[in-house]
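In this text, residue positions in the sequence shown follow our numbering: the first is 19, and each later residue adds one.
The beta-carbon is built from N, C-alpha and C at its ideal position, and this holds for glycine as well.
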Amino acid sequence: MIAPIAELERCLARLPGLGRRSASRAALALVREPARLAEPLMAALAAAHGAVRCCSRCGAFTTADRDPCGLCTDETRDGSILCVVEEPADIVPLEASGAFRGRYHALGGKLSPARRMGPERLRVAELAARVAKEGVAEVLLALSTDMDGDATAGYVAESLRATGVKVTRLAFGLPADSGIAYSDPLTLKRAITGRRAV
Ligand SMILES: [Zn+2]
């Protein structure tokens, strides 16, 4: 394989959900049909790279001209319940499930000694400040169910104890390694409905 195509394959293979075979097929399609595939993709990548940022309040993906984001400013949403997720990408499947109409707070990751993620790198102080300022009655933890997710849930619950807010957690087993980003809508709906106190 010639070098530029091999490099393209390597880059594509790093994307989640694309194995080596599909990355190779995608790379070949891109060089075969530049006008239909490669050029719009390059334009979309450049636009997304320049425009997408995280909401300064909740951490969800938004654009520079919409900060706070649409989720934060939507008056029809229930501001008394905050759903805490690890990454902004986790908000997308929760919204798709249609089962949650409150607001969100992305921590920016989870505690992980292996990845050197300590509590100082999570947006927990911002969360506590929002609970106090926005009149939040319940914080729903939508974190992964592995050891790091459990440790993070414990840490967040402890950090919020002084505020007196009710802290709940999703009811059951979501995929541990991928967080909630790949959970199907029905699983998420059940997990939200059956949430329990931490
Ligand atoms: Zn927001």
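Assumed close pair residue i, residue j - CB separation to whole angstroms, cut-off 8 Å
i, j, result
"Val-216", "Ala-171", "6 Å"
"Leu-145", "Tyr-173", "Not really, about 11 Å apart at Cβ, beyond 8 Å."
"Gly-120", "Ile-99", "4 Å"
"Leu-158", "Thr-186", "5 Å"
Coil, strand or helix - residue i by DSSP
i, result
"Leu-89", "helix"
"Ala-124", "strand"
"Leu-48", "helix"
"Leu-100", "strand"
"Val-157", "strand"
"Cys-73", "coil"
"Ala-189", "coil"
"Met-60", "helix"
"Arg-54", "helix"
"Thr-80", "strand"
"Arg-214", "strand"
"Met-165", "helix"
Sequence-distant residues of its chain with Cβ nearer than 7 Å to residue i (five each side left out)
i, result
"Ala-189", "Arg-208, Ala-209, Gly-212, Arg-213 and Arg-214"
"Phe-118", "Cys-101, Leu-112 and Ile-210"
"Glu-152", "Gly-97"
"Arg-75", "Pro-86 and Cys-90"
"Leu-55", "Ala-47 and Leu-48"
Inter-residue spacing [alpha-carbon to alpha-carbon] between residue i and residue j
i, j, result
"Arg-50", "Ala-69", "29 Å"
"Gly-126", "Glu-105", "5 Å"
"Gly-35", "Arg-28", "14 Å"
"Thr-181", "Ala-150", "7 Å"
"Ser-177", "Glu-156", "14 Å"
"Ala-64", "Pro-58", "10 Å"
"Ala-175", "Cys-73", "23 Å"
"Leu-46", "Arg-32", "16 Å"
"Arg-84", "Ala-61", "21 Å"
"Pro-22", "Gly-37", "19 Å"
"Arg-134", "Val-183", "29 Å"
"Ala-78", "Asp-92", "14 Å"
Residue i Cβ short of 7 Å to ligand 1 heavy atom set
i, result
"Leu-89", "yes"
"Arg-75", "yes"
"Ala-53", "no"
"Ala-78", "yes"
Proximity test, residue i beta-carbon vs ligand 3 heavy atom, cut-off 7 Å
i, result
"Pro-86", "Looking for ligand 3 in the displayed structure turns up nothing; the ligands present are ligand 1."
Beta-carbon contacts of residue i that lie in its chain and below 8 Å, excluding the five residues immediately before and after
i, result
"Arg-139", "Gly-126 and Gly-127"
"Ala-199", "Glu-105, Ala-107, Asp-108, Val-110 and Pro-111"
Contacts around residue i, its chain only, beta-carbon distance under 6 Å, and the 5 residues preceding and following it disregarded
i, result
"Ala-114", "Pro-203"
"Asp-17", "Since the first residue of the chain shown is 19 and the last is 216, residue 17 is not available in this structure."
"Thr-81", "Ala-69"
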